[in-house]
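Under our numbering, the first residue of the sequence shown carries the number 2, and numbering increases by one thereafter. Using N, Cα and C, we set each Cβ at its ideal position, and we do this for glycine too. Single-structure report; data block below.
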Amino acid sequence: MKNMVEIDVVLDKNYIEPKVTIQTKEKTEQVENIIYAIENASENDFPSIVADLDGSKLEFVSQRDIIRAYTFNRNVMIQSENGTYTFKKSLSTLEVILNPKRFIRISQSEIINLYKVKCFDVNIAGTIGIEFDNGEKSWTSRSRVKDIKALLRRSQGG
2 MKNMVEIDVV LDKNYIEPKV TIQTKEKTEQ VENIIYAIEN ASENDFPSIV ADLDGSKLEF
62 VSQRDIIRAY TFNRNVMIQS ENGTYTFKKS LSTLEVILNP KRFIRISQSE IINLYKVKCF
122 DVNIAGTIGI EFDNGEKSWT SRSRVKDIKA LLRRSQGG
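Here is the structure:
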């Protein structure tokens, strides 16, 4: 039964909301499908984003697939696993729509999906470097460093 998934449920009064941990040797299609199913079951309040792919075609972009949103030449761009889209409204408007547990603003011109971050480099003087799963890099603005460090401390349980 190679494709069976072992599931443990641990009841702990210290958790207000459910926390899911997946332990696996590598990230496979099966793991991606499990993540997708859990997210769809738990995040129905966060809609897909309607964005323009090539100037003539609007598409629904799942928040799960968004890597980052940023401004470029006075346009709001949404970079996803499937391409880069143009969002016709402001970055602040997009920020209100995005799931606040998944997305964080790292500068005046960029919002990132925390679930797509490979690592944070806190050794860069004055800013924090961010490397995404796809290999791209970005940096926090100095004014957002405090927020990112607080987020990292909370995620470490302290």
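Discussion item. Could you check whether isoleucine 68 and serine 81 sit closer than 9 Å to each other, using their CB atoms as the reference points?
Written reply: Taking the sequence shown and counting its residues from 1, the one referred to as residue 81 is at position 80. Taking the sequence shown and counting its residues from 1, the one referred to as residue 68 is at position 67. In this structure, isoleucine 68 lies closer than 9 Å to serine 81 by Cβ.
Worksheet item: In three-state terms, what does DSSP make of isoleucine 23?
Response: Residue 23 sits at position 22 when you count from the first residue of the sequence shown. In this structure, isoleucine 23 counts as coil in the three-state DSSP scheme.
Worksheet item: Between tyrosine 86 and valine 123, what straight-line distance do the alpha-carbon atoms span, to the nearest angstrom?
Response: Against the sequence shown, residue 86 aligns to sequence position 85. Against the sequence shown, residue 123 aligns to sequence position 122. Approximately 30 Å, taken between the alpha carbons.
Worksheet item: From this set, Lys102, Ser91, Ile107, which residue's C-alpha is nearest glutamate 18's C-alpha?
Response: For the purposes of this step, residue 18 is taken as the residue at position 17 of the sequence shown. The shortest C-alpha separation from glutamate 18 is found at Lys102.
Discussion item. Could you tell me the alpha carbon to alpha carbon distance between valine 6 and isoleucine 39, rounded to whole angstroms?
Written reply: As a working note, residue 6 is residue 5 in the sequence shown. As a working note, residue 39 is residue 38 in the sequence shown. Roughly 14 Å separates the two Cα atoms.
Worksheet entry | Where valine 6 falls: helix, strand or coil (DSSP) | In the sequence shown, the residue the question calls residue 6 occupies position 5. Note: valine 6 maps to coil in three-state DSSP.
Item to complete: Please work out which residues of its chain come closer than 7 Å, Cβ to Cβ, to valine 21, disregarding the five sequence neighbours upstream and downstream, and give them in chain order.
Response: As a position in the sequence shown, residue 21 is number 20, starting the count at 1. Same-chain partners within the cutoff: Ile39.
Fill in: Residues sharing a beta bridge with glutamine 80, DSSP
Here the question's residue 80 lines up with position 79 in the sequence shown. In the DSSP output, where bridge partners are listed per residue, glutamine 80 has Arg69, Thr85.
Discussion item. For leucine 59, list the residues DSSP reports as bridge partners.
Written reply: Mapped onto the sequence shown, residue 59 falls at position 58. Beta-bridge pairing links leucine 59 to Asp53.
Worksheet item: Going by DSSP, which residues form a beta bridge with isoleucine 105?
Response: Translated into the one-based positions of the sequence shown, residue 105 becomes position 104. Isoleucine 105 pairs with Ile113.
Discussion item. Quick check on aspartate 148: does DSSP put it in helix, strand or coil?
Written reply: Your numbering for residue 148 matches position 147 in the sequence shown. Three-state DSSP puts aspartate 148 in a helix.
Item to complete: Taking isoleucine 98 as part of the alpha helix (DSSP H), name the residues at either end of that continuous run.
Response: Mapped onto the sequence shown, residue 98 falls at position 97. Isoleucine 98 -> alpha helix (DSSP H) spans 92-98.
Fill in: Neighbourhood of valine 146 by C-beta distance below 8 Å, restricted to the same chain and skipping five residues each side
Locating residue 146 in the sequence shown gives position 145, counting from the first residue. For valine 146, where only same-chain residues beyond five positions count, the Cβ hits under 8 Å are Gly127, Thr128, Ile129.
Worksheet entry | Proximity below 9 Å, CB of leucine 54 to CB of glycine 84 | By one-based count along the sequence shown, residue 54 stands at place 53. By one-based count along the sequence shown, residue 84 stands at place 83. The answer is yes: Cβ separation under 9 Å.
Worksheet entry | Of the residues Arg143, Val51, Thr141, the one placed nearest phenylalanine 88, counting alpha carbons only | Numbered from 1 along the sequence shown, position 87 holds the residue referred to as residue 88. Nearest option by C-alpha distance: Val51.
Practice prompt. Might you give, ordered along the chain, the residues of its own chain that have their beta carbon closer than 7 Å to the beta carbon of threonine 25, omitting 5 neighbours on each side?
Written response: The residue given as residue 25 occupies position 24 in the sequence shown. Hits under 7 Å: Val32.
Practice prompt. Output yes or no for whether 9 Å exceeds the beta carbon distance between isoleucine 131 and serine 139.
Written response: Locating residue 131 in the sequence shown gives position 130, where the first residue counts as 1. Locating residue 139 in the sequence shown gives position 138, where the first residue counts as 1. Yes.
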